[in-house]
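Scroll down for the structure; my scribbles are underneath it.
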Amino acid sequence: AGYCSDLTRTYVVGKPTEKQLRLYEAVREAQEKALKAVRAGVEAKEVDAEARKTLETHGLSKYFVHGLGHGVGLEIHEPPRLNQASKAKLKAGNVITIEPGVYIPGYGGIRIEDTVLVMEEGAERLTKAGYGLSVA
């Protein structure tokens with residue numbers, strides 16, 4: 413037995429299209445804004461709202477159809493839940509995911525997910541995978 417971790421990256425083989433790049437950059441921006449909102453004492457729904465506001469500025473919020481994240485520990489999905497209805501407050505020591513995504517019917521989707529440690533003043537990214545859309 414051990415602790416879980418959660419990580420998602422989205423890639424394209426070859427050169428990404430302009431649309432793929434725009435979507436990817438919007439999701440990355442949403443993740444970064446949400447990460448900056450993470451700290452002990454903040455309401456989980458506020459962190460979710462940061463990602464949604466960012467995607468709204470790109471006209472993509474309607475394609476973000478799940479919560480922003482969840483706790484990770486002995487199980488892969490644990491409290492606290494980071495979504496619009498969450499009543500949880502983040503605590504120092506929580507290990508959570510930040511995983512915004514957009515999914516456009518008939519086109520495809522992009523999700524970027526990292527596991528982070530909640531600290532008194534901020535968050536520490538525990539997953540160390542790089543970023544970028546192309547693997548060619």
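The working numbering puts the first residue of the sequence shown at 413, with every later residue one more than the last. Just so it is clear, CB atoms sit at the ideal spot from N, CA and C, and this is done for glycine as well.
One question on the structure: do residue i and residue j come within less than 8 Å of each other, judged by their Cβ atoms?
i: Phe476; j: Arg493; result: no
i: Ile510; j: Tyr436; result: no
i: Gly481; j: Ile508; result: yes
i: Ala458; j: Ala452; result: Here the sequence assigns Glu to residue 458, which means Ala is not the residue at that position. Against a cut-off of 8 Å, the Cβ pair of Ala452 and Glu458 comes out as no contact.
i: Ser498; j: Ala461; result: no
i: Gly513; j: Val424; result: no
Between residue i and the rest of its own chain, which residues show a CB-CB distance below 6 Å, the 5 nearest in sequence each way excluded?
i: Pro428; result: Leu545, Ser546
Along the chain, where does the alpha helix (DSSP H) containing residue i start, and where does it finish?
i: Val514; result: No alpha helix (DSSP H) contains Val514, which is instead part of the beta strand (DSSP E) from 513-516.
i: Val450; result: Looking at the DSSP string, Val450 is not in any alpha helix (DSSP H), and its letter there is neither H nor E.
i: Asp460; result: 456-469
Out of the options, state which residue places its alpha-carbon closest to the alpha-carbon of residue i.
i: Ala559; options: Ala413, Thr422, Val454, Lys445; result: In the structure as shown, the chain begins at 413 and stops at 548. Residue 559 is therefore absent and cannot be evaluated.
i: Glu532; options: Glu458, Thr420, Lys503; result: Lys503
i: Gly505; options: Ala541, Val528, Ala446; result: Val528
i: Ala442; options: Leu472, Lys431, Glu430, Pro491; result: Leu472
i: Lys431; options: Ile516, Glu490, Gly485, Lys474; result: Ile516
i: Leu447; options: Glu536, Ala541, Tyr543, Lys540; result: Glu536
i: His478; options: Leu486, Asn495, Glu490; result: Asn495
i: Arg434; options: Gly485, His470, Gly426; result: His470
Excluding the 5 residues preceding and the 5 following residue i in the sequence, name in chain order all residues of the same chain whose CB lies nearer than 7 Å to its CB.
i: Thr420; result: Glu511, Arg523, Ile524, Glu525
i: Ile488; result: Cys416, Asp418
Would you give the residue range spanned by the beta strand (DSSP E) that residue i belongs to?
i: Pro491; result: 490-494
i: Arg523; result: 520-523
i: Leu529; result: 526-531
i: Gly481; result: 481-483
i: Ala535; result: 534-537
Quick one: what's got a C-beta closer than 8 Å to residue i's C-beta in the same chain, skipping five residues either side?
i: Leu538; result: Ser417, Val507, Asp526, Thr527, Val528, Leu529
Quick check: the stretch 456-473 against the stretch 414-425, are there 3 or more CB pairs under 8 Å?
no
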